[in-house]
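Report on the structure given below.
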Amino acid sequence: MRIWRMTRRGLLAPMLGAFAAACSPLSLLNGLGPRDRGAGRVAQGLRYGDDPRQTMDVFAPTAAASTPRPVLVFFYGGGWDSGSRQVYGWAAQALAARGFVVFVPDYRIVPEVHFPAFIEDAAAATAAAGKLAPDYGGDPARLGVLGHSAGAHLAMMIALDRRYMAAVEAPTLIRAAAGLAGPYDFLPFDVPASINAFGRVPDPTLTQPVSFVRADAPPLWLGHGTADTVVHAEDTTILCDRMKAVGGRCEAKLYPDLSHEDLIATFSPLFRRKAPVLEDVSAFFHRELG
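Read in our numbering, the sequence shown has 278 at position 244, and its numbers run on one by one without any break.
In structure tokens, the structure reads:
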């Protein structure tokens, strides 16, 4: 796998191309178009650590429920050196509108920290989400994690490498995991993002989700766009194939003509008709979390 320079092709280009040079198209989705009804942000800036970036927001359905809802922890992307939970409110709200209590954490990034600090933050945030979930109508016994791009890497690392969730005293908390356009097998480190985040690790294999496939891992769902030139779709097929080879459960789906940013952009009502990514992810979690 190779992680290449971000491109602006795909379904975002026709509508957002004029803005692409100025800022990330994904950040514009907070202000463009409608958001899903029936859900909203119910808490913000909840702390799971002492660092200013160790905070998270919560989104939940607005309707009352007779029983606690399944819980998701969503990790955004950004090459391990950028990103903000405020940019992804539209994605979290889309998931919440489909019946989930959704936590969106910030996490420490390069150059403030390097591997494994951001993975440790993902585990700590997930453990905190499990403890806080009942306060917002969520069931911590039905918790899943997911992410896009570098966020998918975080989600897969804490789902597959037992050490991280064990370190936060929640070794069995994650019941299912999903990754969108994630890097899972990217040795050698040969671009600035991976070199800066992982280049000083004595054993690089410890940074790779494919190193930790196991039969008793939580079930995985992996999605990728075939037009992704940032993280190639082979990462998804490699991880899924290796999971199955050791007896683990994994489902992979490739979406024709979607680029790296397109895949998560389809969570927005503006682009949802382009591909059923949101519906597929939601169906997976409802099936596995009950």
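The beta carbon of each residue, even a glycine, is placed where N, CA and C say it ideally should be.
* **Assigned secondary structure, P174 (DSSP; H/G/I helix, E/B strand, else coil)** => The residue you call residue 174 lines up with position 140 of the sequence shown. It is a strand residue.
* In chain order, what residues of the same chain have a beta carbon less than 6 Å from the beta carbon of A125, not counting five sequence neighbours either side? -> Here the question's residue 125 lines up with position 91 in the sequence shown. F301, listed in sequence order.
* Sequence ranges, alpha helix (DSSP H) only - wholly within the region 96-154, length at least 4 -> With a minimum length of 4 residues, the continuous alpha helix (DSSP H) runs that stay inside the region 96-154 are 123-130.
* **Endpoints, alpha helix (DSSP H) assigned at A211** => For the purposes of this step, residue 211 is taken as residue 177 along the sequence shown, with counting starting at 1. Judged by DSSP secondary structure, A211 falls outside any alpha helix (DSSP H) and instead within the beta strand (DSSP E) spanning 208-214.
* To do: Classify D70 as helix, strand or coil using the three-state DSSP reduction.
  => For the purposes of this step, residue 70 is taken as the residue at position 36 of the sequence shown. Looking at D70 - three-state DSSP - the assignment turns out to be coil, as it is neither helix nor strand.
* Use the C-beta contact count for G259: other C-beta atoms within 10 angstroms, 16 or more gives buried, fewer gives exposed. => Counted from its first residue, the sequence shown places residue 259 at position 225. Around the Cβ of G259, a 10 Å sphere holds 16 or more other Cβ atoms; the residue is buried.
* beta strand (DSSP E) containing L292: first to last residue? -> As a first step, residue 292 is located in the sequence shown; it is residue number 258 there, counting from the start. No beta strand (DSSP E) contains L292, which DSSP labels as neither H nor E.
* Taking DSSP as the reference, what is the three-state secondary structure of E285? -> Residue 285 sits at position 251 when you count from the first residue of the sequence shown. It is a strand residue.
* When the Cα atoms are used, what is the spatial distance from P226 to L60? -> Within the sequence shown, numbered from 1, the residue matching residue 226 stands at position 192. Within the sequence shown, numbered from 1, the residue matching residue 60 stands at position 26. Distance between the alpha carbons of P226 and L60: 22 Å.
* Taking the Cβ atom as the reference point for each residue, do P104 and G72 lie within a distance shorter than 7 Å? -> Residue 104 sits at position 70 when you count from the first residue of the sequence shown. Residue 72 sits at position 38 when you count from the first residue of the sequence shown. The answer is no: Cβ separation not under 7 Å.
* Run through DSSP, which three-state label would L304 get? -> Numbered from its first residue, the sequence shown carries residue 304 at position 270. Residue state, collapsed to three classes: coil.
* **For T263, the three-state DSSP class (helix, strand or coil)** => What you label residue 263 is simply residue 229 of the sequence shown in a count that begins at 1. T263 falls in the coil class under three-state DSSP.
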